[in-house]
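Reading through the structure tokens given below for one structure.
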Amino acid sequence: MASAPVPKELLMKGSNDDCYTSARGRIATLGNFAKATFDAISKTYSYLTADLWKETVFTKSPYQEFAGHLV
């Protein structure tokens, strides 16, 4: 893992063992840097991947349902 000590500690607690971090801009205070890292980690867990989608039950369209009556 290539990271500064604070994000490295937060990422290791979250069971992330293979990642790279980069910071730019104003990271003057350690508290702000830790909060920004925590917010970034939290946003990755809010992403809804395909394995978390609800099962969709499709119904037939009226054309498919009543095709026997139309012929």
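The number in this note's numbering is simply the position in the sequence shown, starting from 1, with 945 added.
For every residue, glycine included, the Cβ atom is placed at its ideal position computed from N, Cα and C.
Nearest residue (CA-CA) to residue i, options the options
i	options	result
Ser987	Val951, Glu1010, Leu956	Leu956
Lys980	Glu1010, Ala1012, Glu954	Glu954
Residue i, DSSP secondary structure in three states
i	result
Phe1011	coil
Glu1000	coil
Leu993	coil
Ser967	coil
Ser987	helix
Environment of residue i [buried if 16+ CB atoms lie within 10 Å]
i	result
Pro1007	exposed
Thr1004	exposed
Thr982	buried
Pro952	buried
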